[in-house]
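Data first, discussion second: the structure below is written as structure tokens.
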Amino acid sequence: MSNDEQKLYDRMDDVALILQRMKVVYEIPYRHTRYVATKEFFRAKMTEESFVEDHGVKMLSLVENLKDLKARLDNDTYIDMILQLLPPSYDPFVVNFNTNGLEKSIK
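For reference, each letter of the sequence shown is one residue, going 0 to 106 in numbering that gives the first Met the number 0.
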């Protein structure tokens, strides 16, 4: 902390004001946090040798994180992205999944 910042905080009597000021100065911007979360989600390609269950758990965790960050993606977009991130060996599953006509949900 610089001397100027220290002097500013020394003049503040209220702890709440000090905490609010420190939050403004040192908080990671919300936009950057959401960018990092969406980047991780969009790049979470499953490898052929990994387990689909592990990948599914990871993807659900990433979806929940994005929902907490108020990312404006609908349920169908999440499902489409998860299916696109599966390896080519899952293409028959993806075709079957998309043609069965059932209502789909992330949950």
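Just so it is clear, CB atoms sit at the ideal spot from N, CA and C, and this is done for glycine as well.
Could you tell me which of the options sits nearest to residue i, measuring between CA atoms?
i	options	result
residue 69	36, 25, 21 and 15	36
residue 45	95, 89 and 38	89
residue 82	72, 73, 71 and 96	96
residue 40	49, 47, 50 and 54	54
residue 71	34, 25, 27 and 18	34
residue 21	30, 38, 1 and 32	1
residue 48	101, 87, 29 and 100	87
Near residue i, which residues of its chain fall below 7 Å by C-beta distance, leaving aside the five closest residues on each side in sequence?
i	result
residue 78	103 and 105
Ignore the nearest five residues each way along the sequence and tell me which others in residue i's own chain have a CB closer than 8 Å to its CB.
i	result
residue 92	85
Please report the Cβ distance between residue i and residue j, rounded to the nearest whole angstrom; I am assuming they are in contact, meaning their Cβ atoms lie under 8 Å.
i	j	result
residue 43	residue 65	Rounded, the Cβ-Cβ distance is 11 Å, inconsistent with contact.
>> In chain order, what are the residue ranges of uninterrupted alpha helix (DSSP H) at least 4 long that sit wholly in the segment 32-73?
In response: Runs found: 51-67.
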